[in-house]
């Protein structure tokens, strides 16, 4: 069977997406799979599906704060709940589309989420986005300029619409072999699928 | 440190509770912990917290059917989505309280959930409850008679109210060392806690 391709739909506003993002490349590598990083707008997904963020239920919100920290501990990755939450990740995701065109989609996606979920950066701001780009050796000003292009805006919109059409209702949403997996907590099922397909 | 006690709050109406129930005793045994099985009424928990069942979002419901089957495959446990869904598990849970008094709380809880989620039994019916009891060598008629007792009814109500007070908003909900863990998909975090406490 040919190598698996994991489409990873992400929005930096989602803590579980950051957590999954810290794991997905190594998970894929264990099975010879590749990851295609596709930003999408979670707020629009909620609007389209009638789903809502977990934090809208008070008891769930309280649990979420503990829960994300526990996952970060399990994964041994840096995590600090941002003081600015929720955040508007539209500009960051448009910049990610431009970074992808420059061949750095994976690195930029991971770095922008780490900037927000571990380093407390206000990634709604152009300066923070440029700093993430610069740390990867990319031209931050050029990336930011591209976020105003219709083609980039359309791509983010198309990603979102396509994900919803394929069944997404939350983040992260992953597709492999036409199957959908939702959530950081389903990486174990995604990996089980990759194991089974290679047999 | 003393052996850990896992309080496992369950409602047979929840597929993820069945899935977790197939794992929790062996997980506990791996760490010298014990499990206290406490039935609670999930519908009342949703009412009290403003949470709602995942199946109330159409895209989520579609995903849920695949997802529960994937977990069953991962765990290698029998699973067949019931034709009668959702189900009223009140009588079954009252019977579980009575079975607990007879020293068979764990076995009855596991058996009643398997009857519903693997064998298609209509566990809202007294006959199905009596059959589960009989298979465990218990007196089904005696258990059913006790479901009418005020003490048993109160215990189920008290379990539910206590769980909500302690932060529960869904099922299964597990408590250990004063910490709450929610969901079959958090067994990995519960186990990580048990590992950490023994060090």
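Chains as they are written, first to last, in the working numbering: chain A, 27 to 225; chain B, 27 to 225.
Virtual Cβ for every residue (Gly too), placed ideally from N, Cα, C.
Contact residues of the stretch 186 to 208 of chain B toward chain A are 190, 193, 194, 195, 196, 205, 206, 207 and 208 (C-beta to C-beta distance below 9 Å). For the 7 Å CB-CB criterion, residue 223 of chain B and residue 27 of chain B form a contact. Interface with chain A (7 Å Cβ-Cβ cutoff): residue 215 of chain B is included. The beta carbon of residue 85 of chain B sits closer than 7 Å to some beta carbon of chain A.
Contacts with chain B at 7 Å (Cβ-Cβ) include residue 75 of chain A.
In this chain, the beta strand (DSSP E) harbouring residue 62 of chain A covers 60 to 65. For residue 27 of chain B, the secondary structure class from DSSP, reduced to helix, strand or coil, is coil.
Residue state for residue 32 of chain B is assigned as strand, using DSSP reduced to three classes. DSSP places residue 190 of chain B within a helical segment (H, G or I) once states are collapsed to three. The contact set of residue 89 of chain A on chain B, defined by CB atoms closer than 8 Å, consists of 193, 195, 206 and 208 in chain order. The contact set of residue 211 of chain B on chain A, defined by CB atoms closer than 7 Å, consists of 211 in chain order.
Residue 62 of chain B counts as exposed, since fewer than 16 other C-beta atoms from the protein chains shown sit within 10 angstroms of its C-beta. Given a length threshold of 3 residues, the stretch 85 to 125 of chain A has no whole run of the beta strand (DSSP E) inside it. When secondary structure is reduced to three states using DSSP, residue 207 of chain A falls in the strand class. Residue-level contact check: residue 220 of chain B does not touch chain A, since none of the beta carbons of chain A fall below 7 Å from its beta carbon. Contiguous alpha helix (DSSP H) elements confined to the stretch 148 to 179 of chain B occur at 152 to 161 and 166 to 172, taking only those with 4 or more residues. According to DSSP, residue pairing for residue 199 of chain B in a beta bridge involves B/35 and B/208.
Around the beta-carbon of residue 163 of chain B, fewer than 16 other beta-carbon atoms lie within 10 Å, marking it exposed.
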